[in-house]
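A.B. asks:
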């Protein structure tokens, strides 16, 4: 089920600011495990599981992905573009893309052949303004289909690697949307008293905007922010978090220390594996919005280890997604049977 969901949602496009295009996919998977659905005016998707008390717990994972936006139509059927969110330009070279105009058309991003590239040019990093999408269309025909401001996305089919390891575009942060789905499924089995809000937030990649509006709308008592972390590869520090060893728990001034402690205690009680990171200041996640919404929301932050962030081959281990979802469900269940004021004081 988790793999099916991830392959489905990552085969579709939710570029930041355009999340509304494929939202029915989320409803298809979440509605069997939740009670109510609404969408805020900025485009975040909010699924609610109704509890028996007044407490509100908000889970937040952004649904938007980085993408491209057309800035100019050039002679010969070429398109200039800019980025929506953070790309390393080198990762775009030799990629196939889809331009979402009046109709979807394909293009490729190429560079000059090495035969006619000078030694000096080879040493320089690629710049977005020097890359172009080649559509093969004449300019006059292309202008009938594509306009300035249309979005484009990198084409990449999800694939299975060895064991539970899978690769696709946009696991940042759909891996954590899948965590919320696993939590919703698990809470159906073990019950909950709190009202739980599974929020697929919009526009995180362009300024954590959806988290601001949705957290203001929900006004939760507790926030559980979910995003991806940097998974270990041979070129990273030896103590980096590893795939297949559980979620990464963040410690820092913007996270509630007592709630974090409670989550760790629950995981140890149920033998769920954990990894840890120190975040002294800015987290770079939806935590920035939730923590200071309204009168302030006590938050914890959990991450799923991911390799090759902000490329079209982001790679995760399904085990981490499953364990993170189950651990959050147990955490909510334990909070339901605890004095929250005592924990937070």
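Residue numbers (this note's numbering): 2 to 346. All C-beta atoms in this analysis are idealised placements derived from N, C-alpha and C, irrespective of residue type, glycine included.
Could you spell out where the alpha helix (DSSP H) holding residue 178 opens and where it closes?
C.D. replies: 172–191
A.B. asks: Based on Cα-Cα distance, which residue from 243, 255, 198 lies nearest to residue 45?
C.D. replies: 198
A.B. asks: DSSP three-state call for residue 333: helix, strand or coil?
C.D. replies: helix
A.B. asks: Residue 30: buried (16+ other C-beta within 10 angstroms of its C-beta) or exposed?
C.D. replies: buried
A.B. asks: Among 40, 254, 297, 261, which one has its Cα closest to the Cα of residue 281?
C.D. replies: 254
A.B. asks: Provide the residue span of the beta strand (DSSP E) that contains residue 41, from first to last.
C.D. replies: Run containing residue 41: none; DSSP gives neither H nor E here.
A.B. asks: Between the C-alpha atoms of residue 203 and residue 137, what's the straight-line distance to the nearest angstrom?
C.D. replies: When rounded, the distance between both Cα atoms is 33 Å.
A.B. asks: In angstroms with no decimal places, state the Cα-to-Cα distance between residue 110 and residue 148.
C.D. replies: Looking at the two C-alpha atoms, the distance is approximately 18 Å.
A.B. asks: To the nearest angstrom, how far is the alpha carbon of residue 273 from that of residue 104?
C.D. replies: 47 Å
A.B. asks: May I have the straight-line CA-CA distance separating residue 47 from residue 344, to the nearest angstrom?
C.D. replies: 27 Å
A.B. asks: Buried or exposed for residue 191, please, with buried defined as at least 16 other CB atoms from any protein chain shown within 10 angstroms of its CB.
C.D. replies: exposed
A.B. asks: Using a 10 Å radius around the Cβ and a threshold of 16 neighbouring Cβ atoms, would you call residue 37 buried or exposed?
C.D. replies: exposed
A.B. asks: Just to confirm the assignment: which complete alpha helix (DSSP H) runs, minimum length 4, are found wholly within the segment 127–176?
C.D. replies: 140–143
A.B. asks: Taking the Cβ atom as the reference point for each residue, do residue 170 and residue 155 lie within a distance shorter than 8 Å?
C.D. replies: yes
A.B. asks: Figure out for me which residue from 129, 329, 68 has the closest Cα to the Cα of residue 193.
C.D. replies: Residue 329 holds the alpha-carbon nearest to the alpha-carbon of residue 193 among 129, 329, 68.
A.B. asks: Which residues bound the beta strand (DSSP E) around residue 105?
C.D. replies: 105–111
A.B. asks: Would you kindly work out how many angstroms separate the C-alpha atoms of residue 338 and residue 178, rounded to a whole number?
C.D. replies: Roughly 26 Å between the two C-alpha positions.
A.B. asks: Use the C-beta contact count for residue 346: other C-beta atoms within 10 angstroms, 16 or more gives buried, fewer gives exposed.
C.D. replies: exposed
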